[in-house]
Amino acid sequence: SQQGEEDPQALSIQEGENATMNCSYKTSINNLQWYRQNSGRGLVHLILIRSNEREKHSGRLRVTLDTSKKSSSLLITASRAADTASYFCATWSAKAAGNKLTFGGGTRVLVKP
Amino acid sequence: EPEVTQTPSHQVTQMGQEVILRCVPISNHLYFYWYRQILGQKVEFLVSFYNNEISEKSEIFDDQFSVERPDGSNFTLKIRSTKLEDSAMYFCASSKTGGPGANVLTFGAGSRLTVL
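Below, the structure written as structure tokens:
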């Protein structure tokens, strides 16, 4: 499988509930990023967590990173209908001279009002 | 808020035709990227570009594809002879710095390419 795979592939929740999605990756990383994509639109950066960090918060977002398991999770608390989007984790290639941010397959989140 | 702009937003072309997709990255960014997303699928890396040369490319980015920074503001992706399977959303992105540091990409809204 490829660097950065999210699960679940799709998630449907009620407004006010929390949404949790996970990302696994294969190679060592400097940092891991999460992006959001509204339907048919470009990706928007949400949050970056460095390899020496275990948890990071930004507003209603909470990201964790476990480098020993090569996994990360994104939690959206108190979800709103406007959080409906696809969420992608992304990592940089480990290649020394590389310049490639690789995205996972994404989790489609539907928040029902 | 500075943004990456892409044109056209949608292009329909016949198979075998050449297509040029245009992007204006954020003005003080030095690294530029093209990604594509086939409908409902993952976002795939095509190429990264720095200092007027390709710094990395994927296996998708074959001889049919080329990139260019023809002036100080535009960054273009050319597909020489389009195939049906090139139908996708193409995203341009830019970043201030490159490599696996704390670099965040800013994406444009995308150009939808439909090949008939």
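In order, the protein sequences belong to chains S and L.
Counting from 1, one number per residue, gives the positions in the first sequence under this note's numbering.
Counting from 114, one number per residue, gives the positions in the second sequence under this note's numbering.
Cβ atoms here follow ideal geometry from the backbone N, Cα and C, with glycine treated the same way.
Computed from a predicted model, the values in this text were never measured in an experiment.
Here's the rule I'm using: 16 or more other beta-carbon atoms within 10 Å means buried, otherwise exposed. How should S:P113 be labelled? exposed
Inter-residue spacing [alpha-carbon to alpha-carbon] between S:Y35 and L:Q127: 33 angstroms
Proximity below 9 angstroms, CB of L:L159 to CB of L:Y148: yes
Specify, as a first and last residue, the run of the beta strand (DSSP E) that S:S28 falls within. From DSSP, S:S28 is part of no beta strand (DSSP E); its letter is neither H nor E.
Nearest to L:E181 by alpha carbon, out of L:Y163, L:K155, L:E198 and L:S208? L:Y163
Note down, in chain order, every chain S residue with its Cβ under 9 angstroms from the Cβ of L:L218. Q33, Y35, L43, H45, A90 and L101
Is the region 18-36 of chain S in contact with the region 81-92 of chain S, if contact means three or more CB pairs nearer than 8 angstroms? yes
Amino acids of chain L, ordered along the chain, whose beta-carbon sits closer than 7 angstroms to that of S:N30: P213 and G214
Identity of the residue in L:Q154, L:F220, L:E114 and L:G211 nearest L:I167 by Cα: L:G211
Burial state of S:P8, where buried means 16 or more other Cβ atoms lie within 10 Å: exposed
Assess contact between the region 218-226 of chain L and the region 114-124 of chain L, defined as three or more Cβ pairs (one per stretch) separated by less than 8 angstroms. Is contact present? yes
So, helix, strand or coil for L:D199, using DSSP? helix
In chain S, what lies closer than 7 angstroms to L:S161 by C-beta? N99 and K100
Tell me whether L:T201 is buried or exposed, calling it buried when 16 or more other Cβ atoms sit within 10 Å of its Cβ. Per the sequence presented here, residue 201 of chain L reads as Ala, with Thr not at that position. By the neighbour-count rule (16 or more Cβ atoms within 10 Å), L:A201 is buried.
Report the residues of the region 153-183 of chain L with a CB closer than 7 angstroms to any CB of chain S, ordered along the chain. K155, V156, F158, S161, Y163, S168 and E169
Output the distance between the C-alpha atoms of S:G106 and L:Q130, rounded to the nearest integer angstrom. 32 angstroms
Assuming S:D7 is part of the beta strand (DSSP E), what are its boundary residues? E5 to D7
Going by beta-carbon coordinates alone, are L:S161 and S:K56 separated by less than 9 angstroms? no
Rounded to a whole number of angstroms, what is the C-alpha to C-alpha distance between L:T189 and S:L110? 34 angstroms
S:I49 and S:S24 look like a contact to me (Cβ under 8 angstroms); what is the Cβ gap, rounded to whole Å? Going by Cβ atoms, the distance from S:I49 to S:S24 rounds to 15 angstroms, so no, they are not a contact pair.
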